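Asker: When the letters of the sequence shown are read in order and numbered with full-length UniProt numbering, they come out as residues 1 to 435.
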Amino acid sequence: MANIPQPSLFCYQNVENLGDLERLDLLLKTLDDEQLMQTLEKRRGNGRDDYPIRASWNSMLAGIVFGHNTIEALRRELSRNGQLRDICGFDPLKEHPVPSSNAYTNLLKSLMEYPAEVAGIFQNLLECLARELPGFGQRIAIDSKVIQSAANSGSENKPDGRRDTDGGWATKTYTDKNGKIIKKTTIFGYKVHLAVDANYELPIARIVTPGNDNDMLEAYNLVDACPSKALEKCEYLSADKGYDCGDFKLWLWKEHDIRAVVDTRNMTQLEHSPVEGLDRIYYNQQGEVFCKCCKGGELNKMCNRGFEKDRDSIKFGCPAHHQGLTCPASGSCPIGKSIRIGLEKDPRIFMALPRDSYKWKDEYKKRTSVERVNSRLDVSFGFETHYIRGLKKMQMRVDLALITMLGTALGYVKTKQPHYIRSLVKSESIKISAA
Numbered sequence: 001m002a003n004i005p006q007p008s009l010f011c012y013q014n015v016e017n018l019g020d021l022e023r024l025d026l027l028l029k030t031l032d033d034e035q036l037m038q039t040l041e042k043r044r045g046n047g048r049d050d051y052p053i054r055a056s057w058n059s060m061l062a063g064i065v066f067g068h069n070t071i072e073a074l075r076r077e078l079s080r081n082g083q084l085r086d087i088c089g090f091d092p093l094k095e096h097p098v099p100s101s102n103a104y105t106n107l108l109k110s111l112m113e114y115p116a117e118v119a120g121i122f123q124n125l126l127e128c129l130a131r132e133l134p135g136f137g138q139r140i141a142i143d144s145k146v147i148q149s150a151a152n153s154g155s156e157n158k159p160d161g162r163r164d165t166d167g168g169w170a171t172k173t174y175t176d177k178n179g180k181i182i183k184k185t186t187i188f189g190y191k192v193h194l195a196v197d198a199n200y201e202l203p204i205a206r207i208v209t210p211g212n213d214n215d216m217l218e219a220y221n222l223v224d225a226c227p228s229k230a231l232e233k234c235e236y237l238s239a240d241k242g243y244d245c246g247d248f249k250l251w252l253w254k255e256h257d258i259r260a261v262v263d264t265r266n267m268t269q270l271e272h273s274p275v276e277g278l279d280r281i282y283y284n285q286q287g288e289v290f291c292k293c294c295k296g297g298e299l300n301k302m303c304n305r306g307f308e309k310d311r312d313s314i315k316f317g318c319p320a321h322h323q324g325l326t327c328p329a330s331g332s333c334p335i336g337k338s339i340r341i342g343l344e345k346d347p348r349i350f351m352a353l354p355r356d357s358y359k360w361k362d363e364y365k366k367r368t369s370v371e372r373v374n375s376r377l378d379v380s381f382g383f384e385t386h387y388i389r390g391l392k393k394m395q396m397r398v399d400l401a402l403i404t405m406l407g408t409a410l411g412y413v414k415t416k417q418p419h420y421i422r423s424l425v426k427s428e429s430i431k432i433s434a435a
């Protein structure tokens with residue numbers, strides 16, 4: 001019989017290279033969940049304590065770290081993994097240390113009664129990361145993702161737990177480069193509206209709503225849900241063209257001093273539209289401005305001279321004067337060497353960060369950070385193959401996933417591994433015994 005060395009139950013040095021166990025221990029040592037634990041223990045009072053609150057809570061987080069989408073899968077893992085039970089805090093001498101399915105169901109119901117305490121853990125992690133990571137919150141990206149419910153739409157019958165009466169129908173429309181609709185799908189479930197740090201790809205704020213809620217209306221609430229310190233630091237907010245709204249862009253600039261980096265939709269059949277109040281000045285949906293020659297009648301693109309914050313306007317220069325373009329009317333043109341276009345002319349097109357600038361193009365590339373976070377929710381946290389029904393349960397499950405994401409990232413930072421803050425599957429060996 002081959003001798004296989006087994007890691008000792010209580011020797012942490014042997015756990016250093018066990019992957020998921022390592023990350024779980026890192027997460028548990030990082031979370032400040034004492035207030036939540038005391039609240040749940042006080043709620044239990046003198047009731048039965050077959051399965052301690054703290055160990056059960058730790059094991060629930062373990063299910064997320066290990067990628068178990070069902071309670072039964074987690075229970076099977078706990079039954080065969082003694083190191084996992086030890087890290088979670090279960091009594092090794094107890095005959096049946098693994099909590100029952102009902103125990104986990106009751107714990108989840110208890111957690112749903114205290115969303116503020118769970119949100120407090122999320123906010124505490126954000127504050128810690130803001131102290132540890134330079135520039136955290138300077139660039140924010142927002143987006144929404146649809147999560148299909150595990151049940152069908154509810155009927156008029158009395159809810160019995162097998163249907164979902166909270167979700168809504170979300171419609172996803174796909175268009176080509178010309179704005180023509182090429183595909184449309186409908187999904188029953190929920191929307192997770194996310195704001196993430198675009199540099200570190202970590203969540204900053206979240207809102208969970210029924211699937212039929214409007215993204216644009218929730219965008220205001222999502223920005224307001226961001227920590228005040230993050231909004232004070234934030235310089236740029238990027239989003240796809242689904243958030244192309246002039247009022248929203250102007251609100252970001254006026255209320256929060258944030259430059260919107262949002263792609264624009266083609267809302268007109270005209271290739272060039274006249275700028276109100278400026279004779280012979282035209283613009284397109286990409287924010288490019290043109291002057292019409294008073295002699296030849298052709299349109300010449302004016303050069304972007306930058307945004308003037310004190311005037312809330314963008315300055316554009318004469319192409320003949322600034323770029324050396326040959327113009328037959330350069331000596332007698334009434335337009336002059338430069339013009340200014342205020343944001344209020346068309347705030348959807350004219351933004352505090354000009355749409356046709358190189359800086360805008362560089363900043364817009366960072367928008368994909370929120371898409372990668374959405375992808376991790378699907379793949380690494382199991383929201384593609386979940387069994388969740390009900391808005392409160394979905395909100396709690398999303399919060400636990402994001403807490404796991406932030407807690408693991410903070411653990412990597414504290415153990416001098418900041419290059420792994422986006423990683424959910426690997427890390428260098430962590431000296432757990434010295435933590």
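We put the CB at the ideal spot given by N, CA and C, even for glycine.
None of these values were measured; they are calculated from a predicted model.
Quick check: what's the CA-CA separation for Cys-303 versus Pro-134?
Answerer: Start at 1 with the first residue of the sequence shown, and residue 303 comes out as number 303. Start at 1 with the first residue of the sequence shown, and residue 134 comes out as number 134. For Cys-303 and Pro-134, the distance between alpha carbons rounds to 35 angstroms.
Asker: Exposed or buried, Arg-348, counting other C-beta atoms within 10 Å across all chains shown (16 or more means buried)?
Answerer: Locating residue 348 in the sequence shown gives position 348, counting from the first residue. Answer is buried; the Cβ neighbour count reaches 16.
Asker: Just confirm the distance between the C-beta atoms of Ile-142 and Ala-73, as a whole number of angstroms; I'd bet it's less than 8 angstroms.
Answerer: Taking the sequence shown and counting its residues from 1, the one referred to as residue 142 is at position 142. Taking the sequence shown and counting its residues from 1, the one referred to as residue 73 is at position 73. With a Cβ gap of about 33 angstroms, Ile-142 and Ala-73 do not count as contacting.
Asker: Taking the beta carbon of His-419 as the centre, do at least 16 other beta carbons fall within 10 Å, making it buried, or is it exposed?
Answerer: On the sequence shown, residue 419 is found 419 positions in, with the first residue counted as 1. It is exposed - the Cβ of His-419 has fewer than 16 other Cβ atoms within 10 Å.
Asker: For a quick check, are the C-beta atoms of Gly-246 and Asp-166 less than 8 angstroms apart?
Answerer: By one-based count along the sequence shown, residue 246 stands at place 246. By one-based count along the sequence shown, residue 166 stands at place 166. Contact flag unset, no.
Asker: Is the beta carbon of Ile-335 closer than 8 angstroms to that of Cys-234?
Answerer: In the sequence shown, counting from the first residue as 1, residue 234 sits at position 234. In the sequence shown, counting from the first residue as 1, residue 335 sits at position 335. No, the Cβ-Cβ distance between Cys-234 and Ile-335 is not below 8 angstroms.
Asker: Would you grab the beta carbon distance between Ser-110 and Arg-43 for me? Rounded to a whole angstrom, and I think it's under 8 angstroms.
Answerer: One-based indexing of the sequence shown puts residue 110 at position 110. One-based indexing of the sequence shown puts residue 43 at position 43. Indeed, because the Cβ distance is near 6 angstroms, the residues count as touching under 8 angstroms.
Asker: Please check if any C-beta of chain C sits within less than 8 angstroms of the C-beta of Cys-88.
Answerer: Given the protein chain composition of this structure (a single chain), no chain C is represented.
Asker: Round the Cβ separation of Tyr-236 and Arg-259 to the nearest angstrom and send it over; I've been treating them as touching at under 8 angstroms.
Answerer: Working through the sequence shown from its first residue, we reach residue 236 at position 236. Working through the sequence shown from its first residue, we reach residue 259 at position 259. Indeed they touch by this definition, with Cβ atoms about 5 angstroms apart.
Asker: Looking only at C-alpha atoms, which of Arg-376, Lys-183, Arg-355 sits nearest to Val-261?
Answerer: Against the sequence shown, residue 261 aligns to sequence position 261. Between Val-261 and the set Arg-376, Lys-183, Arg-355, the nearest pair of CA atoms involves Arg-355.
Asker: Would you kindly work out how many angstroms separate the C-alpha atoms of Phe-90 and Ile-182, rounded to a whole number?
Answerer: Counting from 1 along the sequence shown, the entry for residue 90 is found at position 90. Counting from 1 along the sequence shown, the entry for residue 182 is found at position 182. Phe-90 and Ile-182: Cα-Cα distance of roughly 54 angstroms.
Asker: How would you label residue 436, buried or exposed, when you count the other beta carbons within 10 angstroms and need 16 or more for buried?
Answerer: No answer is possible for residue 436: it lies beyond the span of the chain, which begins at 1 and ends at 435.
Asker: Ends of the beta strand (DSSP E) at Ala-141?
Answerer: Here residue 141 is taken as the residue at index 141 of the sequence shown, counted from 1. Bounds of the beta strand (DSSP E) holding Ala-141 are 139-148.
Asker: What are the complete beta strand (DSSP E) segments, minimum 3 residues, inside the region 316-346?
Answerer: Secondary structure remark: continuous beta strand (DSSP E) runs of at least 3 residues inside the region 316-346, in chain order: 338-342.
Asker: In whole angstroms, what separates the C-alpha of Asn-3 from that of Lys-392?
Answerer: Translated into the one-based positions of the sequence shown, residue 3 becomes position 3. Translated into the one-based positions of the sequence shown, residue 392 becomes position 392. Only weak support is given to the placement of Asn-3: the predicted model assigns it a pLDDT of 42, under 50, and the value that follows is read from those uncertain coordinates. If I take the Cα positions, the gap works out to 49 angstroms.
Asker: Can you tell me which of Asp-310, His-96, Asp-257, Glu-288 puts its alpha carbon nearest to the alpha carbon of His-272?
Answerer: By 1-based counting over the sequence shown, the position of residue 272 is 272. Comparing Cα-Cα distances from His-272 to each of Asp-310, His-96, Asp-257, Glu-288, the minimum goes to Glu-288.
Asker: Should Ser-101 go down as buried or exposed, given a rule of 16 or more other Cβ atoms within 10 Å for buried?
Answerer: As a position in the sequence shown, residue 101 is number 101, starting the count at 1. So Ser-101 counts as exposed.
Asker: Which same chain residues end up closer than 6 angstroms to Asp-32 when comparing Cβ atoms and leaving out the 5 residues on each side of it in sequence?
Answerer: For the purposes of this step, residue 32 is taken as residue 32 along the sequence shown, with counting starting at 1. Result list for Asp-32: Asn-124, in chain order.
Asker: Go through the region 358-412 residue by residue and report every complete run of the alpha helix (DSSP H) that reaches 4 residues or more, in order.
Answerer: 358-364, 368-379
Asker: Taking the beta carbon of Trp-360 as the centre, do at least 16 other beta carbons fall within 10 Å, making it buried, or is it exposed?
Answerer: Here the question's residue 360 lines up with position 360 in the sequence shown. Buried, since its Cβ has 16 or more Cβ neighbours within 10 Å.
Asker: Would you mind giving the Cβ-Cβ distance between Ile-373 and Pro-203, rounded to the nearest angstrom? I have them listed as a contact below 8 angstroms.
Answerer: Taking the first residue of the sequence shown as position 1, residue 373 is located at position 373. Taking the first residue of the sequence shown as position 1, residue 203 is located at position 203. In the sequence as presented, Ile is not what sits at residue 373; that position holds Val. With a Cβ gap of about 6 angstroms, Val-373 and Pro-203 count as contacting.
Asker: Applying the 10 Å Cβ sphere with the 16-neighbour rule, what's the burial state of Ser-56?
Answerer: Against the sequence shown, residue 56 aligns to sequence position 56. Result: buried.
Asker: Taking only three categories from DSSP, how would you classify Tyr-283?
Answerer: Translated into positions along the sequence shown, residue 283 becomes position 283. Residue state, collapsed to three classes: strand.
Asker: Are Val-118 and Asp-399 close, meaning C-beta to C-beta below 8 angstroms?
Answerer: For the purposes of this step, residue 118 is taken as residue 118 along the sequence shown, with counting starting at 1. For the purposes of this step, residue 399 is taken as residue 399 along the sequence shown, with counting starting at 1. Yes.
Asker: With a CB to CB cut of under 6 angstroms and the five nearest residues on each side skipped, what residues in its chain are close to Glu-132?
Answerer: Within the sequence shown, the letter at position 132 stands for residue 132. Spatial neighbours of Glu-132 in its own chain (CB-CB distance under 6 angstroms, excluding positions within 5 residues in sequence) are listed in chain order as Val-413.
Asker: Specify the secondary structure class of Glu-308 as computed by DSSP and reduced to three states.
Answerer: Taking the first residue of the sequence shown as 1, we reach residue 308 at position 308. It is a strand residue.
Asker: Is Tyr-174 buried or exposed, if buried means 16 or more other CB atoms sit within 10 Å of its CB?
Answerer: Your numbering for residue 174 matches position 174 in the sequence shown. Tyr-174 should be labelled exposed.
Asker: What's the C-alpha gap between Leu-353 and Phe-188?
Answerer: Position 353 of the sequence shown holds residue 353. Position 188 of the sequence shown holds residue 188. Approximately 37 angstroms between the Cα atoms of the pair.
Asker: Are the CB atoms of Cys-327 and Cys-293 within a distance shorter than 8 angstroms?
Answerer: On the sequence shown, residue 293 is found 293 positions in, with the first residue counted as 1. On the sequence shown, residue 327 is found 327 positions in, with the first residue counted as 1. Contact flag set, yes.
Asker: Determine the burial state of Asn-58: buried for a count of at least 16 other Cβ atoms within 10 Å of its Cβ, exposed for fewer.
Answerer: Here the question's residue 58 lines up with position 58 in the sequence shown. With 16 or more Cβ atoms within 10 Å of its Cβ, Asn-58 is classed as buried.
Asker: Does the beta-carbon distance from Leu-26 to Thr-368 come in below 8 angstroms?
Answerer: As a working note, residue 26 is residue 26 in the sequence shown. As a working note, residue 368 is residue 368 in the sequence shown. No, these two residues do not count as a Cβ contact at 8 angstroms.
Asker: Specify, as a first and last residue, the run of the alpha helix (DSSP H) that Ala-170 falls within.
Answerer: On the sequence shown, position 170 is the one that residue 170 refers to. No alpha helix (DSSP H) contains Ala-170, which is instead part of the beta strand (DSSP E) from 168-175.
Asker: Among the residues of its own chain, which have a CB less than 6 angstroms from the CB of Ile-71, if the five just before and after it don't count?
Answerer: On the sequence shown, residue 71 is found 71 positions in, with the first residue counted as 1. Cβ within range, chain order: Ser-101, Tyr-104.
Asker: State the DSSP-derived secondary structure class of Glu-16, mapped to helix, strand or coil.
Answerer: Here the question's residue 16 lines up with position 16 in the sequence shown. Reliability fails at Glu-16, whose pLDDT of 35 lies under 50, so the model's placement of it is uncertain and no value is given.
Asker: Under the three-state reduction of DSSP, which class applies to Ile-53: helix, strand or coil?
Answerer: The count along the sequence shown starts at 1 and reaches residue 53 at position 53. DSSP places Ile-53 in helix when its eight states are reduced to three.
Asker: Helix, strand or coil, according to DSSP, for Thr-105 in the structure here?
Answerer: Sequence index remark: in the sequence shown, residue 105 carries index 105 (1-based). In this structure, Thr-105 counts as helix in the three-state DSSP scheme.
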